[in-house]
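Report on one structure; see the data block that follows.
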Amino acid sequence: MGHDIDDVIDGRYRLLEVVGQGGHGVVYRAEDLKLGARVAVKCLHAEIAANPAFKARMQREARAMGALSGTSAAQVFAFSQAPDGTLYIVMEFLTGCDLETTLRRIEAQNQRLPLDRLKELFGPIVDTLDAAHARGIVHRDLKPANIFVLEDAPNGPSSTPRPGAAPSRPGAAPTHPGAAPSRPGTAPSCPGDSAPDGGSRPPADAPSRGSVRLLDFGLVKVMNADPLTREGSIPGSPSYIAPEVWKGRPQEIDHRIDVYSLGAVLFRVLAGRVPFSGATRVDILLASARGPRPSLCAFRPDLPSEVDAWLARALAVQPEARFQDVRSLWAALEPLLDRAAQAPGDAARADAIPP
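Following this line, the structure appears as structure tokens:
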């Protein structure tokens with residue numbers, strides 16, 4: 013079922029503006045008429061909503077991600093089905109742009125993200141992944157496009173306010189079209205779940221969430237749960253996929269694929285390019301599984317030489333040879349970044365990097 017601007021979903025969410033579209037549905041900037049808050053509402057396409065397998069996968073994801081409320085995972089406030097049959101997800105409304113857009117812009121100027129900014133953004137991401145892994149949740153599609161950098165607002169990062177709080181910028185539109193996340197992140201409310209007064213209630217925010225959000229847990233795997241991803245499929249984005257994933261055996265996947273992906277994303281941020289490339293998806297996957305590990309120092313001579321050993325471990329082909337968790341990967345990199353930032357020439361600035 014299609015929806016028009018000013019339609020009210022489930023008697024509560026007034027649709028104000030289309031801000032994103034995808035294969036699964038349409039995302040609207042909307043007003044929560046009960047709380048007076050700005051939210052993002054994703055209405056799923058009718059054929060998706062009618063698919064029992066997809067609904068089961070979404071419900072499992074929603075319940076799993078509810079455990080990450082208060083982290084930097086994009087928050088989902090409700091996942092339900094309206095009386096007219098519309099299956100919808102209510103999320104925090106985010107203003108800003110994804111990290112992929114940011115990187116493309118600065119890379120076009122032959123620059124790199126300042127090291128202090130890198131630490132500011134990735135500290136909360138590491139915390140969120142660590143919390144997810146502790147709960148048996150694996151993201152499986154970590155990449156710059158799924159890291160959303162919030163636009164600075166007078167009262168802090170711009171996102172949906174807590175219940176009872178005034179919106180940070182009432183009526184403000186996203187800085188970039190489609191700035192609202194198009195996929196769910198976390199979901200304290202699931203079909204049939206509601207607050208005591210009958211409505212889904214956003215969770216209390218946490219001051220440690222930072223100015224970044226981790227999006228798209230659509231490929232999330234809950235360890236020890238029945239797999240809903242079919243055998244032989246390859247989830248994730250090829251430039252950031254761990255070698256064991258492309259084998260297409262979901263039962264072998266664990267949190268260490270996120271460790272690999274985090275290393276690949278950090279390489280992209282620091283080097284200005286992906287660690288492995290190829291003419292086709294298969295070429296990229298084979299290079300990651302069989303090719304030599306790249307040298308980060310070759311692209312960033314301002315970084316300590318030890319960074320290449322760090323990268324070789326982060327992108328190790330065998331999971332057993334990698335850092336065994338995201339926390340240890342980050343703990344090994346941070347002092348190297350600090351040393352580079354303190355070196356003569358101030359590497360913390362987004363200076364031009366030799367091609």
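Quick note on this note's numbering: the sequence shown kicks off at 13 and runs consecutively.
Note that CB positions come from ideal geometry on N, CA and C, so glycine has one too.
Please read these numbers as outputs of a predicted model, since none were measured by experiment.
query, result
"With a threshold of 6 Å on Cβ separation, who are the neighbours of P166 within its own chain once the five nearest residues in sequence on each side are excluded?", "Confidence at P166 is low in this model, with a pLDDT of 39, below 50, so its placement is unreliable and the value that follows should be read with caution. Excluding residues within five positions, none has a Cβ falling inside 6 Å."
"Is H188 buried or exposed, if buried means 16 or more other CB atoms sit within 10 Å of its CB?", "Note on H188: pLDDT 34, under 50, position unreliable in the model; the coordinate value appears next. So H188 counts as exposed."
"What does the Cβ neighbour count give for D96, buried or exposed, with the cut at 16 atoms within 10 Å?", "exposed"
"Exposed or buried, A178, counting other C-beta atoms within 10 Å across all chains shown (16 or more means buried)?", "With a pLDDT of 35 at A178, under the threshold of 50, the modelled position of that residue is not reliable, and the figure given next carries that caveat. A178 comes out exposed."
"Quick check: what's the CA-CA separation for K46 versus G290?", "51 Å"
"Between which two residues does the alpha helix (DSSP H) carrying V281 extend?", "268-283"
"Within 10 angstroms of its Cβ, does E264 collect 16 or more other Cβ (buried), or is it exposed?", "exposed"
"Span of the beta strand (DSSP E) holding G108?", "108-110"
"Under the three-state reduction of DSSP, which class applies to Q123: helix, strand or coil?", "strand"
"Assign R339 to one of three DSSP states: helix, strand, or coil.", "helix"
"Locate the alpha helix (DSSP H) running through V294, then write down its first and last residues.", "293-302"
"Roughly how many whole angstroms lie between the Cα atoms of A344 and R116?", "27 Å"
"Looking at C-beta atoms only, is the number of pairs between the segment 80-97 and the segment 26-42 that lie closer than 8 Å three or more?", "no"
"Please name the residue or residues paired with I159 in a DSSP beta bridge.", "L226"
"Could you spell out the range, first to last residue, of the beta strand (DSSP E) harbouring L308?", "No beta strand (DSSP E) holds L308; DSSP gives it neither H nor E."
"Please give me, in chain order, every unbroken run of the alpha helix (DSSP H) with length at least 4 that falls completely inside the segment 13-72.", "58-61"
"Using only CA atoms, which one of T98, P347, K67 lies nearest to H15?", "T98"
"Grab the span of the alpha helix (DSSP H) containing V319 for me, first residue to last.", "319-326"
"Note down the Cα distance separating F229 from V271, rounded to an integer number of angstroms.", "16 Å"
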